[in-house]
Amino acid sequence: MNTYIKSLFLFVITTFFLISCGPPTSKKNSNSKGAIAGNAAEKVYVAPGDHDSHYAFISGGFSGQLAVYGLPSGRLFRVIPVFSQDPEKGYGYSEETKPMLMTSHGFVPWGDSHHPDISQTQGSVDGRWVFINENNTPRIARISLKTFETEEIIEIPNSAGNHSSSFVTENSEYVVAGTRFSVPFPQRDMSIKDMKGNFSGALSFLKINQETGRMNIDFQIKMPGFNYDLSHPGRGKSHGWFFFSTYNTEEANSLMEVNASQNDKDFIAAINWKKIAEYVKNGGGKKVPARYTHNVWNDDTHNATSTMEKEVLVVEPKDVPGAIFFLPTAKSPHGCDVDPTGEYIIGNGKLAAQMTIHSFTKMLKAIEDKAFDGDAYGIPIIKFDAVNYGTLDQPGLGPLHTEFDTRGNAYTTFFISSEVVKWNVKDLKVIDRHKVYYSVGHLMIPGGNSRTPDDKYLVAMNKITKDRYLPTGPEVCQSAQLFDISGEKMELLLDFPTIGEPHYAAGIAADKIAPKTTKIYKLEDNKHPYGVKSEAETKVVRKGKEVHIYMTMIRSHFSPDNIEGVKVGDKVFFHVTNLEQDYDVPHGISMIGAQTSELLIMPGRTTTFTWEPKNVGVWPFYCTDFCSALHQEMQGYVRVSPSNSNIKISYTLDGDIPGEDDL
Amino acid sequence: MKKSNILMIVGSLLLLGLFIFPLWNITLEAPQYPIPLGMDIYINKFADTHEFDIKNINLMNHYVGMQFIPKTIPEFKIFPITIGIMVAFGVLIGFKMNYKWFLGWFILMSVLGIVGMYDFYLWEYDYGHTLDPNAIMKFTNPDGSIMGFQPPLFGSKDILNFTAHSYPMMGAWLMFIGMMLTFLSFFVGKKEAK
Chain A
351 MNTYIKSLFL FVITTFFLIS CGPPTSKKNS NSKGAIAGNA AEKVYVAPGD HDSHYAFISG
411 GFSGQLAVYG LPSGRLFRVI PVFSQDPEKG YGYSEETKPM LMTSHGFVPW GDSHHPDISQ
471 TQGSVDGRWV FINENNTPRI ARISLKTFET EEIIEIPNSA GNHSSSFVTE NSEYVVAGTR
531 FSVPFPQRDM SIKDMKGNFS GALSFLKINQ ETGRMNIDFQ IKMPGFNYDL SHPGRGKSHG
591 WFFFSTYNTE EANSLMEVNA SQNDKDFIAA INWKKIAEYV KNGGGKKVPA RYTHNVWNDD
651 THNATSTMEK EVLVVEPKDV PGAIFFLPTA KSPHGCDVDP TGEYIIGNGK LAAQMTIHSF
711 TKMLKAIEDK AFDGDAYGIP IIKFDAVNYG TLDQPGLGPL HTEFDTRGNA YTTFFISSEV
771 VKWNVKDLKV IDRHKVYYSV GHLMIPGGNS RTPDDKYLVA MNKITKDRYL PTGPEVCQSA
831 QLFDISGEKM ELLLDFPTIG EPHYAAGIAA DKIAPKTTKI YKLEDNKHPY GVKSEAETKV
891 VRKGKEVHIY MTMIRSHFSP DNIEGVKVGD KVFFHVTNLE QDYDVPHGIS MIGAQTSELL
951 IMPGRTTTFT WEPKNVGVWP FYCTDFCSAL HQEMQGYVRV SPSNSNIKIS YTLDGDIPGE
1011 DDL
Chain B
10 MKKSNILMIV GSLLLLGLFI FPLWNITLEA PQYPIPLGMD IYINKFADTH EFDIKNINLM
70 NHYVGMQFIP KTIPEFKIFP ITIGIMVAFG VLIGFKMNYK WFLGWFILMS VLGIVGMYDF
130 YLWEYDYGHT LDPNAIMKFT NPDGSIMGFQ PPLFGSKDIL NFTAHSYPMM GAWLMFIGMM
190 LTFLSFFVGK KEAK
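Just so you know, the protein sequences line up as chains A and B, in that order. So that you can map any letter, position 471 of the first sequence is 821 in my numbering, and since no number is skipped, the others follow by simple counting. So that you can map any letter, position 149 of the second sequence is 158 in my numbering, and since no number is skipped, the others follow by simple counting.
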């Protein structure tokens, strides 16, 4: 009996404990009531026709794309196709865009996009370009913030799990890509269990052309075979340095969740890239063979080209003494963040109950004093006490990422305890904490990776949502949560769903981008080899088994719209030019049975899709985007004859060969 | 030189503004055009208010069977020559002649102006009423007659989903001020002669 009472007591206690620890629904409800009381609705309300104050570029995660939202409304404006095919826009299906998805492994239709970062000038986001990394088949993309189109994708050789990417230095000198999985460098056939000491981790520095934005790999640092998880540039006083968090310094190759979690401390790698860039400029480093694609979009020819690069310049750490150091940091740090002054380097020790805060000033002194605690593969390890500013103990469970405001505060996400914690960097004191729903990963303050955060809003990006929205079967959305951080306490304003898994995001004031955006492509500047400038130039040309249709679209007809002489077995190229020169008048085109996708063509642009007719008949095509009151009439026919037919190519508009037209 | 002569010369020279600034503007507003479509009319050309506006006006108008706005019209040759001669003539009499001539110049210029406006009205009428018989959409007035789409000569008017505005521009204002100066020069000259 006594035992029975004891165990009942224990059960009650345990239940109480669990309830008070979990995210109970009653708490959540009171929270949302609190939000209404605090006029949260007013703070996120953007009246119809009004514009948001900020753009948020939120990574589309495993969708491979980049989503553009407005803040504070959380409205989704556009999904920019980057690393994955997008049949809605024809990206990766049209002849012009297919080269964008070429890699050294051939055509790869999907990617895993992670960390967007906006270009900077003098330590502030400038709105020229946004960069984003692909984790799976290592690549970095550059997206124009004039056209909101992907302009360039470069593959990263000797890398795998391109995760500690794509962060830019404070004048956009470099965009940086680090490997999460160390691999044989160069790749070779070897036993996996021989990993230790035989794998390497490549940290790649891509130089950015300030005029065109074009990237090229200036150098790759061949680091020890750890996992380089995340990175951030130094800024202000620490400009010229780059910091990478590492895990798996154990160099385990199996059951990593255990075997890569044995060391109490891993490292933050501090890289003096200015020194290495100087070394490289003076002829340092070694060019080694490599195969990686460099895909570039050309806005004049409306075409992408894919070039296979043949070599890369590799720098061995031992050849540039004094440029690379390891800073011991609490267990398997995930995010590696640098505050706006450039003084504090923060390791978010995801498996430790503490945050490690290093001091840049102390680091320089320690290097000068040679306050080292041995080395790892020849790279000096700075003594923990010699570099450490302090630790923030027990702030929460599972710290992942930190961003900053301009008032000396840091905001850290805690994945396991599912909260955002505000703390003062200098005092190492927690100021406020707020639950998030649920399991937050990254967070973003507009201008976060810069000297000048625009610190009114904070966006927390959550991995799971459970009951936060109407259920949609087993697969439910991921989400972002918007906080007002202008006061002492963080105020939750808004939940909004996101596409894919939102990893990092980049935010910027709308006025830095909106006035400069492209509205139309000028027809007169169209240099597409199959583009035409008027209906009079439209035609259909047979080249053996290929049929090339030079077609135009304008409200509300195609020219030509009747085509005969196509045969089964032909490959038909529809090269379609939108003759419109008015803002927001795209036309679409789709062909019955085409095994590609529709095309959505902006004014002044030429795009091509292919169609390989399998069956004899008269087959219609039509405009897919409701373009005008006569949209339903915007259609045409192609006659497909048997392969042995001798019907010649002919094409008409309103019964005649398309003629001179004033449009 | 007398004040009246200076007024006459300056007044005539202000007409040169017509070679730099548009004479007139027609703007079309509609819900889908938060930035309205517009056409500036110079003495020698039609021009877009914003790039491609005329092309887009033509595209809109083809639904109701209106003609394209022509690249050029004969007036674009006649107007600059006329204005050029009137300026030269005005400056010449400003130097050499007396106030009676000033009034003569003013009357002649006024007549030419009225003829020009009437000519513009005729063009507008034709533009708004000569419609393609195969027009995509045909509209009739309440009395059963075919609806015309003539923009107003001066002022604002609703035409289907558009509101059309037709107003003088800098060139016209300079011409107006110039003519008023020449008119004034007549009275000043008359006073000086006494």
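For glycine and all other residues, C-beta sits at the position ideal for the given N, C-alpha and C.
Quick check on residue i: does DSSP put it in helix, strand or coil?
i, result
"T958(A)", "strand"
"W460(A)", "coil"
"D402(A)", "coil"
"M794(A)", "strand"
"D135(B)", "helix"
"T375(A)", "For T375(A), the predicted structure reports a pLDDT of 41, less than 50, and the residue's modelled location is therefore unreliable. A value from the coordinates is still provided. Three-state DSSP puts T375(A) in a helix."
"N521(A)", "coil"
"I386(A)", "Low confidence applies here, because I386(A) scores a pLDDT of 48, under 50, leaving its location unreliable; read the following figure in that light. Of the three classes helix, strand and coil, the one that applies to I386(A) here is helix, per DSSP."
"D467(A)", "strand"
"T191(B)", "helix"
"K80(B)", "coil"
"P583(A)", "strand"
"H71(B)", "helix"
"K631(A)", "helix"
"T487(A)", "coil"
"N381(A)", "Caution applies to N381(A), whose pLDDT of 47 falls short of 50 and renders its modelled position unreliable; the model cannot decide the point."
"I913(A)", "strand"
Is the Cβ of residue i closer than 7 Å to any Cβ of chain A?
i, result
"F61(B)", "yes"
"L68(B)", "yes"
"K64(B)", "yes"
Looking at the strands, I want to know which residues DSSP matches up with residue i.
i, result
"G551(A)", "M573(A)"
"W591(A)", "N622(A)"
"A39(B)", "Y42(B)"
"W33(B)", "I50(B), P177(B)"
"V197(B)", "V197(B) is not bridged to any residue."
"S940(A)", "Y972(A)"
"V890(A)", "I899(A)"
"T752(A)", "T762(A)"
"C686(A)", "G697(A)"
Residues in the same chain with beta-carbon distance under 6 Å from residue i, minus the five sequence neighbours each way, listed in chain order, please.
i, result
"G915(A)", "I997, K998, I999, S1000"
"H174(B)", "T36, S165"
"L844(A)", "V394, G424, L832"
Rounded to the nearest angstrom, what separates residue i and residue j at their Cα positions?
i, j, result
"P683(A)", "D614(A)", "11 Å"
"L426(A)", "V786(A)", "21 Å"
"I155(B)", "I90(B)", "38 Å"
"Q41(B)", "S13(B)", "52 Å"
"D687(A)", "T752(A)", "6 Å"
"R428(A)", "L416(A)", "8 Å"
"N143(B)", "M984(A)", "17 Å"
"F576(A)", "N598(A)", "6 Å"
"H708(A)", "E874(A)", "56 Å"
"T627(A)", "M713(A)", "First, the residue type needs correcting, since residue 627(A) is Ala and not Thr in the sequence shown. If I take the Cα positions, the gap works out to 21 Å."
"E445(A)", "V891(A)", "18 Å"
"L1003(A)", "V918(A)", "23 Å"
"E930(A)", "N876(A)", "13 Å"
"I951(A)", "P910(A)", "17 Å"
"I15(B)", "I92(B)", "19 Å"
"L27(B)", "F115(B)", "17 Å"
"I814(A)", "H853(A)", "12 Å"
Return the chain-ordered list of same chain residues with a C-beta closer than 8 Å to the C-beta of residue i, the five sequence neighbours on each side being excluded.
i, result
"M450(A)", "Y441, G442, T500, I503, N645, W647, A654, S656"
"Y395(A)", "S423"
"I870(A)", "E930, Q931, D932, Y933, M952, P953, G954"
With a threshold of 7 Å between beta carbons, is residue i in contact with chain B?
i, result
"D975(A)", "no"
"D932(A)", "yes"
"R905(A)", "yes"
Residues in the same chain with beta-carbon distance under 7 Å from residue i, minus the five sequence neighbours each way, listed in chain order, please.
i, result
"Y419(A)", "A406, I408, R425, L426, F427"
"F55(B)", "M48, I63, I78"
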